[in-house]
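Engineer: Quick note, the sequences are listed as chains A and X, same order. The first sequence stops at residue 481 when you use our numbering, and every number in between is there. The second sequence stops at residue 481 when you use our numbering, and every number in between is there. Please find one structure pasted underneath; my questions will follow.
Number of protein chains: 2
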Amino acid sequence: MHDLLEGLLDLSGKDERPLTSRLAAQLRSLISEGRLKLGQRLPSSRALAARLGVSRNTVTYAIEQLVAEGYLDVSQSRRPVVAAGAALLTARCFDDLAPDTVSRPLSTWAQHLASSDWPPLYRGRPLPFQPGLADEREFPHDIWGRCLRHAANRRFQRSDPTSNDSALQAALLNHLATHRGISACPEQIIIMPSAQAGLALIARVMIDAGDVAWIESPGYGGAYAAAFTAGAKIVGVPVDTDGLRIADNAPVPKLIFVTPSHQYPTGYLMPIGRRLELLRFAGSVGAAIIEDDYDGEFHYEGRPVAALAAIDPDALVFYVGTFSKAMSTDVRVGYVVVPEAMIPTFELAQRHLGLLTSATLQTALAEFIERGAYLAHVRRMTRLYRERRDCLIGALTEEVGTRLSVDAPAGGMQLLVRYTGLTDDRHLSHRLLGLGVVARPLSEMLHHESQERGLFLGFAAWTNAELIDGAKLIGRYML
Amino acid sequence: MHDLLEGLLDLSGKDERPLTSRLAAQLRSLISEGRLKLGQRLPSSRALAARLGVSRNTVTYAIEQLVAEGYLDVSQSRRPVVAAGAALLTARCFDDLAPDTVSRPLSTWAQHLASSDWPPLYRGRPLPFQPGLADEREFPHDIWGRCLRHAANRRFQRSDPTSNDSALQAALLNHLATHRGISACPEQIIIMPSAQAGLALIARVMIDAGDVAWIESPGYGGAYAAAFTAGAKIVGVPVDTDGLRIADNAPVPKLIFVTPSHQYPTGYLMPIGRRLELLRFAGSVGAAIIEDDYDGEFHYEGRPVAALAAIDPDALVFYVGTFSKAMSTDVRVGYVVVPEAMIPTFELAQRHLGLLTSATLQTALAEFIERGAYLAHVRRMTRLYRERRDCLIGALTEEVGTRLSVDAPAGGMQLLVRYTGLTDDRHLSHRLLGLGVVARPLSEMLHHESQERGLFLGFAAWTNAELIDGAKLIGRYML
């Protein structure tokens with residue numbers, strides 16, 4: 003009988019899995035492949051353990067596993083028998099399958115993903131000028147850690163604990179009322195696993211395949227991604243120094259995506275006149291507006307402008323915000339303020355798509371805001387990031403000189419550098435990445451025909467010294 | 003001049019917003035409504051403060067706000083003037099809009115949500131027998147809180163910190179290899195904000211509108227929701243005591259959703275023979291399988307059976323799991339093990355839809371697993387929940403007697419009660435809810451024509467005494 007398994011089982015090779023799993027897997031294969039036949043009896047666990055040089059427990063556990071799965075039967079004897087349930091497997095039963103089972107078509111959308119250049123991902127530690135990053139080194143990790151621990155120790159149980167935490171809704175609403183002029187009821191705030199999830203959710207709720215969505219050009223790739231996922235026909239609408247310029251000849255939109263606080267990537271602020279024009283236009287054609295206030299907490303000149311949602315509370319505006327810029331990318335919680343009449347729809351849509359955020363995390367965020375830690379951090383970072391913005395502009399001017407054009411953004415965490423004579427910003431970006439600097443090309447963010455070229459540089463997450471070093475590298479390659 | 007604002011501004015009413023916001027809002031309205039005209043000059047902030055009985059800072063802040071927004075201009079004088087930018091507003095500019103801006107059509111999917119009866123939501127504290135809930139009272143909140151604090155205090159910064167944490171992937175893979183026989187590489191584990199997000203993501207990646215998806219009948223409402231969101235044509239396939247029975251006459255599926263560990267809601271375990279049959283069938287027609295192991299950690303009879311994904315690692319199987327059942331609903335993190343060749347597609351799809359989970363939370367989960375707290379808790383809860391299952395079956399048998407039929411589930415957190423003579427389980431469920439007991443009707447979970455009726459009862463989150471009290475209530479109404 004011991005000849006039966008001779009040479010078939012081998013646990014000596016290098017493998018990170020536990021011995022029990024490996025033994026079970028090998029026995030399973032032998033049965034599946036028909037090398038152990040229905041009714042054949044295995045050696046005792048003691049004998050098997052001795053032969054393989056493993057503990058008897060290892061063997062016992064593997065046998066129990068295969069019994070539970072129905073491969074082996076020990077009902078008649080202590081020595082396991084290949085079970086009738088496995089008799090389907092006279093030969094390896096999957097031989098008739100196509101060898102490459104995953105090459106079959108994905109959904110049309112999923113197939114398209116391979117050709118998408120958004121989001122750009124950089125592995126490893128962040129590199130200078132990578133946009134959208136807060137400086138983690140400045141974040142009050144200790145206070146945040148305490149808030150999390152308090153939240154985890156909360157012992158009471160709620161029925162539906164994870165959709166939208168009412169304490170967080172209340173704290174956030176108070177902040178948004180004071181700093182953005184938004185008046186809403188707390189239930190209008192839908193908490194999201196990320197701001198991007200909010201964009202995709204709004205698109206999914208508002209858009210049927212073929213509906214027209216306007217996005218800014220140049221504009222944020224995530225807005226394109228969200229509208230595309232929902233099947234929208236996407237129209238890139240050029241921006242000027244006042245932000246998105248209403249396009250008279252473009253197809254009438256169902257959804258308009260804008261970044262009025264600091265246009266992404268140009269940094270321009272949309273003034274009140276353009277805001278009113280946009281609201282009026284959207285209302286007249288029945289379009290919804292997504293107002294993405296991605297880094298709206300950081301204002302350097304003057305005060306933050308009231309949100310579109312604040313100017314006309316009756317307009318169909320979705321205000322999107324995030325904690326990952328103002329606090330830390332580790333947090334990654336976003337939110338959407340939806341029109342009051344849409345609360346039930348969004349709550350249901352959120353559950354159907356599983357767009358939930360840990361209740362513990364939400365409770366901790368509420369405490370972080372309520373105790374003033376959030377506002378204190380935003381204020382401190384506003385001062386710091388403004389200095390860094392000025393430092394980067396100074397360094398770039400010094401290194402690249404007058405052929406460079408930077409419109410100092412009134413706020414936010416990044417700036418756009420335009421450079422006369424630059425024709426291939428992708429190539430330049432690629433070369434700079436090789437030197438350890440992330441400088442995103444403007445041409446990647448264009449959604450209409452345009453000769454605009456430039457580099458998009460994040461300045462928030464780096465010290466002045468790091469910014470100056472990076473500017474020197476750029477200067478060397480731009481000259 | 004002071005007559006200009008006479009009777010127009012009033013901050014005496016009850017309002018929870020800060021005075022500054024209220025003053026800014028009132029001034030904004032006066033300008034928007036044309037009651038203050040272009041070029042009109044406001045009183046000095048000192049005079050305005052005195053008149054309104056508020057501090058001068060309150061007024062200054064409100065004025066600055068409106069200047070930033072472009073409503074007022076202070077460039078020529080200290081006393082603010084209604085600005086040219088606001089001249090668009092000769093009358094309230096939204097008068098030409100339809101009054102009910104949110105009544106316009108949502109997407110077809112969003113319109114359908116209103117008629118969806120999933121998920122059932124219960125406000126307030128959880129009620130006995132509400133399914134899917136772990137007992138929070140038994141959870142080691144203190145250990146979990148320490149893990150969270152450690153994770154928050156981690157100071158290093160990563161470039162792409164929030165998609166899928168490699169420490170969590172490694173810890174989870176080790177667990178899945180040992181307890182489910184799954185062999186995979188860590189990158190195959192995609193971390194999700196919830197298991198539901200995983201289901202919806204898989205459907206979105208695999209399904210185009212009109213593709214056929216099979217779901218179990220009776221079956222899990224979340225599977226229906228996920229397939230419906232992706233636009234699938236949904237076919238409910240009846241289950242027997244071995245789980246989903248392959249339907250020869252049904253349209254050929256692109257996606258098959260199953261719960262082989264404990265079928266939802268019947269609790270039956272799919273034996274190896276049916277598993278192999280399913281894998282073979284799916285392979286032959288080119289269908290993908292979603293294996294939802296929603297409460298697969300809790301096994302009471304024998305050992306957990308190897309996952310479908312473990313039986314044939316080359317099959318197109320998506321294994322879905324969650325931490326919210328084994329740990330606490332507050333955690334709400336799920337995951338999907340995807341086929342290796344699909345890692346790039348899923349990573350991109352995850353980012354496009356923003357299905358991200360806080361990096362801090364992921365790091366804390368990795369520590370919770372690595373230090374053994376996860377497995378220790380699962381083992382302790384397995385003993386406790388088995389006792390509770392037995393207690394509930396005993397109490398129901400005592401109260402309702404022999405006309406009751408319960409198939410004691412081999413694992414999991416809930417059981418299905420069938421009752422001869424019960425014709426309207428929805429009505430019974432509704433009456434029981436009025437008495438403070440959640441007993442979900444089986445008929446709500448049917449996706450094919452069937453006369454099956456019953457009640458679905460969660461037993462994990464309640465003590466024996468609570469379970470007995472609930473059983474008595476049910477007994478009273480079933481007799």
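Beta carbons are placed, not taken as given, at the ideal position from N, Cα and C, and that holds for glycine. Computed from a predicted model, the values in this text were never measured in an experiment.
Could you give the uninterrupted runs of the alpha helix (DSSP H) lying entirely in the segment 336–362 of chain A, keeping only those of 4 residues or more?
Structural biologist: 345–354
Engineer: With distances taken from CA atoms, which of D137/A, D297/A and R37/A is nearest G414/A?
Structural biologist: Taking the first sequence and counting its residues from 1, the one referred to as residue 414/A is at position 412. Checked all of D137/A, D297/A and R37/A; the closest Cα to G414/A is D297/A.
Engineer: When we look at the beta-carbon of H264/A and count the other beta-carbons within 10 Å, is it buried (16 or more) or exposed?
Structural biologist: Residue mapping note: residue 264/A aligns to position 262 of the first sequence, counting from 1. Classification of H264/A: buried, given that the 10 Å Cβ count is 16 or more.
Engineer: If contact means a Cβ-Cβ distance below 7 Å, which residues of the segment 205–228 of chain A contact chain X?
Structural biologist: R206, V207, M208, I209, D210 and A227
Engineer: Step through the CB atoms of chain X and report whether any lies within less than 9 Å of the CB of I274/A.
Structural biologist: Start at 1 with the first residue of the first sequence, and residue 274/A comes out as number 272. With respect to chain X, the C-beta atom of I274/A has a partner C-beta closer than 9 Å.
Engineer: Can you find at least 3 beta carbon pairs, one from the segment 433–441 of chain X and one from the segment 353–364 of chain X, that sit closer than 8 Å?
Structural biologist: no
Engineer: Name the chain X residues that come within less than 7 Å of N155/A, Cβ to Cβ?
Structural biologist: Taking the first sequence and counting its residues from 1, the one referred to as residue 155/A is at position 153. In chain order: H143, D144 and G147.
Engineer: Counting beta carbon pairs with one atom in the segment 266–278 of chain X and one in the segment 402–414 of chain X, are three or more of them shorter than 8 Å?
Structural biologist: yes
Engineer: Tell whether a beta-carbon distance below 9 Å holds between A234/X and D250/X.
Structural biologist: The residue labelled residue 234/X in the question sits at position 232 within the second sequence. The residue labelled residue 250/X in the question sits at position 248 within the second sequence. No, Cβ-Cβ distance for A234/X and D250/X is not below 9 Å.
Engineer: How long is the line joining the alpha carbons of A100/A and S286/X, rounded to whole angstroms?
Structural biologist: Position 98 of the first sequence holds residue 100/A. Position 284 of the second sequence holds residue 286/X. With a pLDDT of 40 at A100/A, under the threshold of 50, the modelled position of this residue cannot be trusted, and the question is left open.
Engineer: Using 9 Å as the threshold, is the C-beta distance between P195/A and R334/A below it?
Structural biologist: Locating residue 195/A in the first sequence gives position 193, counting from the first residue. Locating residue 334/A in the first sequence gives position 332, counting from the first residue. Going by C-beta atoms, P195/A is nearer than 9 Å to R334/A.
Engineer: To the nearest angstrom, how far is it from the Cα of A343/A to the Cα of L377/X?
Structural biologist: For the purposes of this step, residue 343/A is taken as the residue at position 341 of the first sequence. For the purposes of this step, residue 377/X is taken as the residue at position 375 of the second sequence. Going by the C-alpha atoms only, they are around 45 Å apart.
Engineer: Output the distance between the C-alpha atoms of Q352/A and L203/A, rounded to the nearest integer angstrom.
Structural biologist: Here residue 352/A refers to the residue found at position 350 when the first sequence is read from its first residue. Here residue 203/A refers to the residue found at position 201 when the first sequence is read from its first residue. Their backbone Cα atoms lie some 8 Å apart in a straight line.
Engineer: According to DSSP, is F370/X part of a helix, a strand, or is it coil?
Structural biologist: For the purposes of this step, residue 370/X is identified with residue 368 of the second sequence, where counting begins at 1. Three-state result, F370/X: helix.
Engineer: Could you say if the segment 125–142 of chain X and the segment 371–387 of chain X meet the contact criterion of at least three C-beta pairs nearer than 8 Å?
Structural biologist: yes
Engineer: Considering only the alpha carbon of each residue, which of D426/X, F461/X and H432/X lies closest to S445/X?
Structural biologist: In the second sequence, residue 445/X corresponds to position 443, counting from 1. When only C-alpha atoms are compared, the closest one is D426/X.
Engineer: At a Cβ cut of 8 Å, what residues of the segment 434–463 of chain X count as close to chain A, listed as they run along the chain?
Structural biologist: A463
Engineer: To test your reading of the DSSP string, which unbroken beta strand (DSSP E) runs of 3 or more residues are found completely within the segment 253–322 of chain A?
Structural biologist: Listed in chain order, they are 257–260 and 290–294.
Engineer: Name, please, each residue of chain X whose Cβ falls closer than 8 Å to the Cβ of Q42/A.
Structural biologist: The sequence position of residue 42/A within the first sequence is 40, counting from 1. The contacting residues do not exist; Q42/A stays about 16 Å from chain X at best.
Engineer: Given a cut-off of 9 Å on the beta-carbon distance, is the pair R442/X and F458/X in contact?
Structural biologist: In the second sequence, counting from the first residue as 1, residue 442/X sits at position 440. In the second sequence, counting from the first residue as 1, residue 458/X sits at position 456. Yes, these two residues count as a Cβ contact at 9 Å.
Engineer: I'd like to know if the segment 119–131 of chain A and the segment 111–119 of chain X are in contact, where contact means that at least 3 CB-CB pairs between them fall below 8 Å.
Structural biologist: no
Engineer: Measure the alpha-carbon distance for A186/X versus A199/A and round it to whole angstroms.
Structural biologist: As a working mapping, residue 186/X is identified with position 184 in the second sequence. As a working mapping, residue 199/A is identified with position 197 in the first sequence. Near 28 Å, if we compare the C-alpha coordinates of A199/A and A186/X.
Engineer: Nearest by alpha-carbon distance to M447/X: which of E299/X, R382/X and G224/X is it?
Structural biologist: Here residue 447/X refers to the residue found at position 445 of the second sequence. Measuring from the Cα of M447/X, the nearest candidate turns out to be G224/X.
Engineer: Roughly how many whole angstroms lie between the Cα atoms of L367/X and A197/X?
Structural biologist: For the purposes of this step, residue 367/X is identified with residue 365 of the second sequence, where counting begins at 1. For the purposes of this step, residue 197/X is identified with residue 195 of the second sequence, where counting begins at 1. Going by the C-alpha atoms only, they are around 15 Å apart.
Engineer: The alpha helix (DSSP H) with S31/X in it runs from where to where?
Structural biologist: On the second sequence, residue 31/X is found 29 positions in, with the first residue counted as 1. Where S31/X is concerned, the enclosing alpha helix (DSSP H) stretches over L21 to S34.
Engineer: Measure the alpha-carbon distance for L280/A versus I248/A and round it to whole angstroms.
Structural biologist: Within the first sequence, residue 280/A is the residue found at index 278, counting from 1. Within the first sequence, residue 248/A is the residue found at index 246, counting from 1. Going from the Cα of L280/A to the Cα of I248/A covers about 7 Å.
Engineer: Can you tell me where the beta strand (DSSP E) with K235/X in it begins and where it stops?
Structural biologist: The residue you call residue 235/X lines up with position 233 of the second sequence. Per DSSP, K235/X belongs to the beta strand (DSSP E) from K235 to D242.
Engineer: Whose CA, out of G374/A, A205/A, A27/A and I209/A, lies closest to the CA of A482/A?
Structural biologist: For chain A, the structure presents residues 3 to 481; residue 482/A sits outside this window and is missing.
Engineer: By the three-class DSSP mapping on this structure, what secondary structure does M427/X have?
Structural biologist: As a first step, residue 427/X must be located in the second sequence, where it is residue number 425. In the sequence under discussion, the amino acid at residue 427/X is Asp, which differs from the Met named in the question. D427/X falls in the helix class under three-state DSSP.
Engineer: Listed from N- to C-terminal order along the chain, which residues in the segment 381–395 of chain A have their beta-carbon within a distance smaller than 8 Å of any beta-carbon of chain X?
Structural biologist: none
Engineer: Step through the CB atoms of chain A and report whether any lies within less than 9 Å of the CB of V527/X.
Structural biologist: Residue 527/X lies beyond the stretch modelled for chain X, which goes from 3 to 481, so this question has no answer here.
Engineer: Quick check: the segment 65–76 of chain X against the segment 307–322 of chain A, are at least 3 beta-carbon pairs closer than 8 Å?
Structural biologist: yes
Engineer: Hey, how far is the Cα of R151/X from the Cα of W146/A?
Structural biologist: Within the second sequence, residue 151/X is the residue found at index 149, counting from 1. Within the first sequence, residue 146/A is the residue found at index 144, counting from 1. Distance between the alpha carbons of R151/X and W146/A is about 8 Å.
Engineer: Could you check what DSSP says for S47/A in three-state terms: helix, strand or coil?
Structural biologist: Start at 1 with the first residue of the first sequence, and residue 47/A comes out as number 45. The three-state reading of DSSP puts S47/A in helix, counting H, G and I together.
Engineer: If you run the structure through DSSP and keep just helix, strand and coil, what is W111/X?
Structural biologist: Position 109 of the second sequence, counted from the first residue, corresponds to residue 111/X. DSSP places W111/X in helix when its eight states are reduced to three.
Engineer: Give the residues of chain X in contact with G238/A, contact being defined as C-beta atoms less than 8 Å apart.
Structural biologist: Along the first sequence, one-based indexing puts residue 238/A at 236. The premise fails here: G238/A is roughly 18 Å from chain X at the closest Cβ pair, so nothing lies under 8 Å.
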